[in-house]
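In the working numbering, the protein residues as written are 9 to 102. All C-beta atoms, glycine included, are put in the ideal place defined by N, C-alpha and C.
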């Protein structure tokens, strides 16, 4: 998986509500319940630091959130669901 470090939402706009909505639809877990449970806890931080794999993160996170999603359902929704390219990214060409 390719990672781009974006400090301060310069390149991508991160919106976890969008991905929680998709996961709610896929899992039939009420969105309000997911929003209440969602936290950037230790599993999230372990993944951010590269201490656990994407697959291990998906499994642990789904367990914590009571989501019955496969890795194939989870991963693209996380990457594509929370990130949207911002208009400001047009200013940054290599």
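- By the Cβ rule, the segment 25–42 counts as touching the segment 71–84, because three or more pairs are nearer than 8 Å.
- One alpha carbon belongs to residue 56, the other to residue 65, and they sit about 10 Å apart.
- By the criterion of a C-beta distance shorter than 8 Å, residue 53 is surrounded by no residue of its chain, once the five residues flanking it on both sides are discounted.
- Distance from the CA atom of residue 50 to the CA atom of residue 60, rounded to whole angstroms, is 11 Å.
- Secondary structure of residue 74 (DSSP, three-state): coil.
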